[in-house]
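Novice: Let me begin by handing over the structure; questions about it come next.
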Amino acid sequence: MKNYALCGPPRLLVPLCKNEIHGNSQMIILHTFRYSLPTIGIVVVLIVLTIMYKRCQMRSTTLPIKDDLLSLKTLKRISHAEISQATNGFKESNMLASGSFRYIYKGRLSDGMEVAIKVFNLQTDGAFRSFDIECDAMRNIVHRNIVKVITCYSSVDFKALMLDYMSNGNLEKWLHSKSCFIHIIQRVDIMIDVATAIEHLHNGHPTPIIHSDLKPSNILLDKDMVVHVGDFGISNFLGEADVVKQTMTLATIGYMAPEFGLAGIVSIKCDVYSYRIVLIENFTKKKPTDNYFAEQVTIRHWMESSLSKGVIEIADVDLLKREDVKTNCISSIMKLT
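For the sequence shown, the positions run 1 to 337 when the numbering used here is used.
This is how it looks when you write it as structure tokens:
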């Protein structure tokens, strides 16, 4: 007679026990994730490269004038008084950020709509040029991952841009504020969004637009944590036959490419260099301007030399938590930089 209740290992020629089957399936799943997740970084890059290739193939030789004219015609008209009222008289408590050329305020329009209002400091050298460049750049760009201009105001002594309000601030805050945390999947999504925005600037127009100042504080996040790249104040337009351009306006130290800082040479490679620095900062929480990094030791050199000792040496400790799957994933991404 056969005993159908018998179970054991395969060598005894009896059915496998249920707990063994369950255990084996768990091990299979664990190994699958352990060895497949490290390829996330490679897949991300391949996706971006595929998008770039397809966009290059489909790239038109003429500017989509109708779309640009439509966007200009539909700009909301606004007065200086309305801007002042929306920001409570430009109160300091409404200020979101400030820079060399501008102040950014949170505003609320009469219809209740929340907006960000960028007011240019016209007493600063380069403010007029920065306003003109940003207007030219942003009125011609319509993309999910680039900040949308609602309208602009320009007079002899006052210039401002009204933009979509980003309720989750910028990547700088999420990386370096003790009260904020973004998990690994969100960080990967953010870098994909940034890559998509930069690819559109470089390949979505007959002449490439170079952002020239890509950094965490210019990577804005909406209520759904979707990226909107902003601040085109020092962006550059390449001519149809140009591969590089020379400029006197320098970008942010630590994020600008060496050729940009040394000779003012601007090209697509400058944005790519900045992207790589942001990518490293995104997963290590190290700023390229930290005191640790001297002239001889850049954040890239530090990452490359430290990675050989293990990703635990460089990755954001809050992100890592010493989980094998996460360490393998971060290691793969860092190797791509």
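Heads up, the beta-carbon is just placed ideally off N, CA and C, and yes, glycines get one too.
1. Might you give, ordered along the chain, the residues of its own chain that have their beta carbon closer than 7 angstroms to the beta carbon of V272, omitting 5 neighbours on each side?
2. I think L201 touches N170, with their Cβ atoms under 8 angstroms apart; what is that distance to the nearest whole Å?
3. Identify the continuous alpha helix (DSSP H) that holds L171 and give its terminal residues.
4. Could you please give me the residues that DSSP links to G107 through a beta bridge?
5. In its own chain, which residues sit with a C-beta less than 6 angstroms from the C-beta of K148, not counting the 5 before and 5 after it?
6. Curious, which full-length alpha helix (DSSP H) runs of at least 4 residues does the region 273-316 contain?
7. Among V119, M138, D224 and T196, which has the Cα closest to the Cα of Y153?
8. Express the C-alpha separation of I314 and S60 in angstroms, rounding to a whole number.
9. List the residues that DSSP assigns as beta-bridge partners of S98.
10. Cα separation between A116 and H176?
11. Could you name the residues that DSSP lists as bridge partners for D164?
12. Which one of A127, A86, H205 and H183 has the shortest CA to CA distance from F283?
13. Does any heavy atom of the ligand ATP sit closer than 7 angstroms to the C-beta of R129?
14. Pairing CB atoms from the region 203-217 with CB atoms from the region 264-271, are three or more of them under 8 angstroms?
15. Does the Cβ-Cβ distance between Y292 and I277 come in under 8 angstroms?
Specialist: Based on what the coordinates show:
1. none
2. Not a contact, Cβ separation roughly 18 angstroms.
3. L171 to H176
4. V115
5. D164
6. 299-307
7. V119
8. Interpretation of S60 is limited by its pLDDT of 37, a score under 50 that renders its predicted location unreliable; no figure is taken from the coordinates.
9. Y103
10. 22 angstroms
11. V115
12. H183
13. Questions concerning the ligand ATP fall outside what the structure shown contains, since it holds no ligand whatsoever.
14. yes
15. no
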